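*Asks:*
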Amino acid sequence: MAEIRIDGLCVDRGGKAVLDSLSLNIASGEIYALLGGNGAGKSTTLSTLLGFLKPSSGSVLVSGIDPSTNPEAARHKIAYLPENVALYEHLTARENVDYFLALAGEAHSADEIDAAFDAAGLQNEARNRTLSGFSKGMRQKVAIALAVVRQVPVLLLDEPTSGLDPRATADFNALLAKLKARGTAILMVTHDLLGAAECADRIGFLDSGRIVEEVGREQGYDIMALHRRYGEAVVA
Ligand SMILES: Nc1ncnc2c1ncn2[C@@H]1O[C@H](COP(=O)(O)OP(=O)(O)OP(=O)(O)O)[C@@H](O)[C@H]1O
Ligand SMILES: [Mg+2]
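Position one of the sequence shown corresponds to residue 1 (full-length UniProt numbering), numbered consecutively onward.
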């Protein structure tokens with residue numbers, strides 16, 4: 001069963017059709033990268049999976065749950081990293097994780113949380129520091145640790161590597177590979193074609209709310225050809 005099912009999805013915003021019969025399934029252990037220019041409808045797709053926007057027609061299911069009728073249950077299955085991770089600056093990394101776990105109604109031991117920080121690659125000495133001195137990459141590690149400890153089946157990422165340096169991007173992609181190996185279904189929205197080619201099993205190109213082309217790792221990614229076709233919408 002696909003963890004993420006999007007079928008003939010149409011979404012209107014401000015009286016305008018933003019998603020136009022979008023269909024997309026993502027299985028457990030699969031990484032899907034959704035690329036497209038500004039305004040193509042990438043974030044709108046994520047907002048609909050999170051239940052913040054409702055389909056005008058078509059359907060979405062997250063782990064078998066319809067977020068348009070049951071948003072809280074759907075969000076329980078999802079870890080979501082928005083472009084700018086929203087965490088509390090005056091709390092430590094550990095306190096942030098504790099706080100968001102409490103909000104999600106989940107309790108985990110300190111050992112489990114440390115194991116998640118280990119998996120996310122957040123150094124020991126950083127775990128008890130407040131986030132005010134953290135870089136963007138470190139903040140993402142805190143958010144990823146939260147996703148790891150919650151063991152959610154679905155991870156949604158909105159431009160996760162924008163603003164990360166190459167080293168942090170490589171670390172981040174390695175982390176996604178770990179989550180994939182655990183069976184997480186991952187939908188990543190990005191403008192980064194090379195990064196997507198490195199870690200995604202499939203890449204879909206979104207234009208005006210529909211997928212105009214989809215390529216899979218097994219056929220091999222022809223980066224030059226993709227860049228010629230979509231170079232105005234993506235970075236490579
Ligand atoms: N809050 C809103 N109210 C009305 N229309 C919106 C709203 N947010 C986005 N839109 C419109 O929906 C369309 C798709 O926006 P969306 O944010 O999904 O694009 P995107 O692919 O994520 O783009 P970007 O690469 O800039 O993040 C755009 O035409 C945008 O103007
Ligand atoms: Mg967006």
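Using N, Cα and C, we set each Cβ at its ideal position, and we do this for glycine too.
From a predicted model like this one, the values you see are computed outputs, not experimental measurements.
Check whether the region 222-234 touches the region 186-193, counting contact only when three or more Cβ pairs, one atom from each stretch, lie closer than 8 Å.
*Replies:* Yes, the region 222-234 is in contact with the region 186-193.
*Asks:* Residue ranges of each beta strand (DSSP E) run of no fewer than 3 residues wholly in the region 54-137, ordered along the chain?
*Replies:* For the region 54-137, whole beta strand (DSSP E) runs of length 3 or above, ordered along the chain, are 57-62 and 78-81.
*Asks:* Quick one: what's got a C-beta closer than 6 Å to serine 28's C-beta in the same chain, skipping five residues either side?
*Replies:* Cβ within range, chain order: Glu3, Gly183 and Ala185.
*Asks:* Quick check: lysine 54 and serine 68, are their CB atoms within less than 7 Å of each other?
*Replies:* Cβ atoms of lysine 54 and serine 68: closer than 7 Å.
*Asks:* Quick one: Cα of residue 237 to Cα of threonine 169, how far?
*Replies:* The structure shown has nothing for residue 237, since the chain only spans 1 to 236.
*Asks:* Keeping to the same chain, check which residues put their C-beta closer than 6 Å to that of tyrosine 88; ignore five residues upstream and five downstream.
*Replies:* So the list reads Asn96, once near-sequence residues are dropped.
*Asks:* Just the Cα atoms here: how many angstroms apart are leucine 35 and serine 135?
*Replies:* Cα to Cα, leucine 35 sits roughly 25 Å from serine 135.
*Asks:* What do you reckon, are the CB atoms on glycine 58 and glycine 8 nearer than 7 Å?
*Replies:* Yes, the Cβ-Cβ distance between glycine 58 and glycine 8 is below 7 Å.
*Asks:* Roughly how many angstroms separate the alpha carbons of leucine 24 and cysteine 10, rounded to a whole number?
*Replies:* Those two C-alpha atoms are separated by around 13 Å.
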